[in-house]
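Heads up: the structure comes next, in structure tokens.
There are 2 protein chains.
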Amino acid sequence: MPAPLYLQIREILIARMATGTFRPGHPLPSEFALAAELNVSQGTVRKALDTLAADNLVIRRQGLGTFMPEATAERALFQYFRMTGADGESLIPVPISEDISTHPAPAHLASRLSVAENAPLIRIRRVRALRHAPATLEDIWIDPQILPMPANGAPLPNALYTHYQRAHNISIARAEDFVSATAAPAHVAQAISIPQDAPVLLVRRDAYDLTGRLVETRESYFHTDGIGYSVTLR
Amino acid sequence: MPAPLYLQIREILIARMATGTFRPGHPLPSEFALAAELNVSQGTVRKALDTLAADNLVIRRQGLGTFMPEATAERALFQYFRMTGADGESLIPVPISEDISTHPAPAHLASRLSVAENAPLIRIRRVRALRHAPATLEDIWIDPQILPMPANGAPLPNALYTHYQRAHNISIARAEDFVSATAAPAHVAQAISIPQDAPVLLVRRDAYDLTGRLVETRESYFHTDGIGYSVTLR
DNA sequence: TAGTGGTCTAGACCACGCA
DNA sequence: GCGTGGTCTAGACCACTAC
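Protein sequence lines, in the order shown, are assigned to chains A and B. Here the first sequence stands for residues 1 to 234, numbered as in this note's numbering. Here the second sequence stands for residues 1001 to 1234, numbered as in this note's numbering.
Okay, here's the thing in structure tokens:
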């Protein structure tokens, strides 16, 4: 049995976003235009667009159109940055330092990123502040085969997802977080000025693009003094 | 400007679930029956039901009907228990001990539960195992004015949300989690057999019913050895 | 004013679960 | 076979945005 029409339409639209037929920040064709082109009714296109909007893969604005989302810093913050104050107040991370280098893939990351053990991986290590104090160290690992990067030298844009989208037309569509508690390793403790072995949050994140491909994995350590990972369950 | 019809219908249906007109585990009237009764088209009822289904407030089953969800143990696990293994494997908590008592509301909880400081609150302290080892201690706080409980004595059902729904017709509709890392307090360390001050996850949860009222707040400590809090962001 | 998405309706047919 | 929700269509009108 074939998939329902509106899901077929959905996949077509996702493919067009993934391949660059539609461009981030730009409107998609109108519902009627898509319906005419794809030989379905406008209601079916609407249903496909509604499912995409529910997954934050498009943004609908009455009177304006349906837009492919742009990976702005604001969007990354709102959608993917989950750290807040104890009362839910939103926090803004401020970059302190950043270091790009290449390393052989550690065993526990190689399988996650589907590369051979010891294959070269790019590692971005950065320290950021929350509430004017250093609070997090992150290691971001990417496969240079998917996302080439200046291994040394050229500065990196503030929001990485913006870079992925602009330079490589890779849009982050979904992230899986795994949150645990651990004792701060020495390099983390030193970077964010806390005692070694102090309790810290460790957030492991796998980020996937529109085609479902894993494009980045990161390990973020957070000092959780009046700060925590917030999420709503329904 | 009035709210759209389908949102008005949505609120009516929520109210009927909250007041017991619809019963957990039972089907709602069919789309056509509701449409006829509420003087709207079947399509409008469908849209209202779709938004409810998206929030897990009803369950739709083709050929059977649309059901008000029952707060079963399985459902509580699947929907609200976020702890998994490092590879995402789901874990099942096994009760080890449970203790019900009454305490004056601590300051930091009184405001959250909207009761006076030192007003009597019921506290359920329980210890549970994951993978056959004690792994979590939880303190669950409720206002006896909302959810009366046998302060001492009578045993409690395994799944608390089941009890809320069966005995008081209160369905949990939404939960807000705030996850941080902390050093294990003495009573936690002792209960789950880890060294005092070992890093543990602390999950603070506020749970709301169908009317948006906060009915429970809990603080859960987890030993995160190969275990973590998992969530997908879109 | 023109064009977009948002709401609402009406009706047809399909897929599923059960008696 | 019957009743349920699921899909698909067609068309009308509203609300918002830009020009």
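All C-beta atoms, glycine included, are put in the ideal place defined by N, C-alpha and C. For clarity, every value in this text was computed on a predicted model and none was experimentally measured.
Beta-carbon contacts of residue i that lie in its chain and below 7 angstroms, excluding the five residues immediately before and after
i	result
B:GLY1226	GLY1085, ALA1086
A:LEU52	ARG10, LEU13, VAL58
A:PHE178	ARG204
B:GLY1088	SER1230
A:HIS168	LEU147
A:ASN118	PRO104, ALA105
B:VAL1094	ARG1128, ALA1129
B:TYR1080	ALA1175
A:VAL40	LEU5, ILE9
A:ALA3	none
B:GLN1042	GLU1031, PHE1032, ALA1035
Sequence-distant residues of its chain with Cβ nearer than 6 angstroms to residue i (five each side left out)
i	result
B:ALA1071	TYR1161, THR1162, GLN1165
A:ALA76	ALA159, TYR161
A:ILE100	ILE124
A:SER180	LEU202
B:LEU1034	VAL1045
A:GLU219	ASP139, ARG204
A:LEU214	ASP206, TYR208
B:TYR1006	THR1044, LYS1047, ALA1048
B:GLU1176	ASP1206
B:PRO1024	MET1068, GLU1070, GLN1165
A:THR242	In the structure as shown, chain A starts at 1 and stops at 234, and residue 242 of chain A therefore has no counterpart that could be examined.
B:MET1149	ILE1122
Cβ-based neighbour list, residue i, same chain, cut-off 8 angstroms, excluding 5 preceding and 5 following
i	result
A:THR102	PRO120, LEU121, ILE122, ARG123, PRO144, ALA151
B:ALA1189	PRO1195, GLN1196, ASP1197, ALA1198
A:GLY65	PRO27, LEU28, SER30
B:GLU1037	PRO1029
A:ILE92	LEU77, LEU130
B:ARG1112	ASP1206, LEU1214, THR1217
B:PHE1022	LEU1013, ARG1016, LEU1028, MET1068
B:LEU1109	LEU1121, TRP1141, THR1217
A:GLY20	ASN169
Supposed contact pair residue j and residue i - C-beta distance, whole angstroms, cut 8 angstroms
i	j	result
B:ALA1184	B:VAL1200	5 angstroms
B:ILE1172	B:ALA1207	5 angstroms
B:LEU1210	B:ALA1018	4 angstroms
B:TYR1229	B:ARG1082	5 angstroms
A:ALA107	A:VAL115	Going by Cβ atoms, the distance from A:ALA107 to A:VAL115 rounds to 11 angstroms, so no, they are not a contact pair.
B:SER1097	B:ARG1126	6 angstroms
B:ALA1191	B:PRO1134	7 angstroms
B:ARG1061	A:ASP55	In fact, because the Cβ distance is near 23 angstroms, the residues do not count as touching under 8 angstroms.
Three-state secondary structure assigned by DSSP to residue i
i	result
B:GLU1031	helix
A:MET17	helix
B:VAL1040	coil
A:ARG23	coil
A:GLU70	coil
A:ASP206	strand
B:THR1051	helix
B:LEU1214	strand
A:LEU233	strand
A:ARG82	coil
B:ILE1194	coil
B:SER1111	helix
B:GLU1011	helix
A:ALA3	coil
B:ALA1076	helix
B:ALA1116	coil
Beta-bridge pairing of residue i - partner residues as DSSP gives them
i	result
A:ILE96	According to DSSP, which records beta bridges pairwise, A:ILE96 is partnered with nothing at all.
A:GLU89	Answer is none; A:GLU89 lacks a bridge partner.
B:SER1101	B:ARG1123
A:SER220	A:GLU138, A:VAL203
A:ILE227	A:GLY85
A:ARG61	A:GLY65
Cβ-heavy atom distance, residue i to the ligand MN, below 6 angstroms
i	result
B:ARG1010	Questions concerning the ligand MN fall outside what the structure shown contains, since it holds no ligand whatsoever.
Ignoring anything shorter than 3 residues, give me the beta strand (DSSP E) runs that lie fully in the region 1128-1184 of chain B, in order along the chain.
1133-1142, 1172-1183
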